[in-house]
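Undergrad: Starting off with a structure, shown below.
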């Protein structure tokens, strides 16, 4: 099934840099989606943000 938001997620996956930077991009995208009242997109972005946050936490635990 082709998602109407697939392009947004492909672009977010291409963001380079530390996970914190990726997290900031997703947070900004959530704010923009809220501006246009795109609830489904917000829900999907929040799920992606949870995934990134989980990876950040796991990497921090591995670091110590």
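Numbering (the UniProt record's numbering), first residue to last: 1 to 64. For each residue, glycine too, the CB sits at the ideal point set by N, CA and C. Note that this is a predicted model, so its numbers are computed, not measured.
Out of 36, 26 and 61, point me to the one whose CA is closest to residue 8's CA.
TA: Here residue 8 is taken as the residue at index 8 of the chain shown, counted from 1. Ranking 36, 26 and 61 by Cα distance to residue 8 puts 26 first.
Undergrad: Roughly how many whole angstroms lie between the Cα atoms of residue 39 and residue 57?
TA: Here residue 39 corresponds to residue number 39 of the chain shown, with the count starting at 1. Here residue 57 corresponds to residue number 57 of the chain shown, with the count starting at 1. Cα to Cα, residue 39 sits roughly 27 Å from residue 57.
Undergrad: Using the three-state DSSP reduction, which class does residue 14 fall into: helix, strand or coil?
TA: Translated into positions along the chain shown, residue 14 becomes position 14. Residue state, collapsed to three classes: coil.
Undergrad: Find the nearest neighbour of residue 23 within the set 52, 62 and 30, judged by alpha-carbon distance.
TA: Stepping through the chain shown from its first residue, residue 23 is reached at position 23. If we check each option's Cα against that of residue 23, 52 comes out closest.
Undergrad: Reducing DSSP to helix, strand and coil, say where residue 35 ends up.
TA: Here residue 35 is taken as the residue at index 35 of the chain shown, counted from 1. Helix, per DSSP.
Undergrad: If the criterion is Cβ atoms closer than 8 Å, does the pair residue 19 and residue 55 meet it?
TA: Locating residue 19 in the chain shown gives position 19, counting from the first residue. Locating residue 55 in the chain shown gives position 55, counting from the first residue. Contact flag set, yes.
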